[in-house]
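The structure appears right after this line, and notes come after that.
In the UniProt record's numbering, the protein residues as written are 1 to 130.
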């Protein structure tokens, strides 16, 4: 007779369910800080990818690679013209990806705030007894 594997424990969602009470302010602030940290780490990784691409594909120095990557990530546009077709392809692709990165970063940072707002709107007020 074979033993049955125990069921995996359900992992909790990162936000409280509608039936649970609203988080206290301190816990909410910790959650918000954590999500801002996630967004910051995501931006640093994307900035690193951009710097490496501009450095090794675009042939720019480290400072110029940093400058171009930050300008593209912030939506301002590139600074230096790309000399080769490969560099132009990288620059265009990085610009497209950076637009999505911007939206994802904003969504990650705002998700705890939006969830708290929506959770507050759905809290049932106790009924008054007559």
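Backbone N, C-alpha and C fix where the C-beta goes; we use that ideal spot for every residue, glycine too.
The structure displayed is predicted, hence computed values, not measured ones.
Distance CB(residue i)-CB(residue j) smaller than 9 Å
| i | j | result |
| --- | --- | --- |
| residue 54 | residue 87 | yes |
| residue 50 | residue 65 | yes |
| residue 57 | residue 67 | no |
| residue 43 | residue 93 | no |
| residue 84 | residue 61 | no |
| residue 89 | residue 46 | no |
Inter-residue spacing [alpha-carbon to alpha-carbon] between residue i and residue j
| i | j | result |
| --- | --- | --- |
| residue 24 | residue 30 | 10 Å |
| residue 69 | residue 103 | 17 Å |
| residue 116 | residue 37 | 18 Å |
| residue 99 | residue 15 | 27 Å |
Same chain, Cβ closer than 7 Å to residue i, five either side skipped, listed in chain order
| i | result |
| --- | --- |
| residue 75 | 102 |
Residues near residue i by beta carbon distance below 8 Å, same chain, minus five either side
| i | result |
| --- | --- |
| residue 120 | 22 |
DSSP three-state assignment for residue i, whether helix, strand or coil
| i | result |
| --- | --- |
| residue 40 | helix |
| residue 82 | coil |
| residue 17 | coil |
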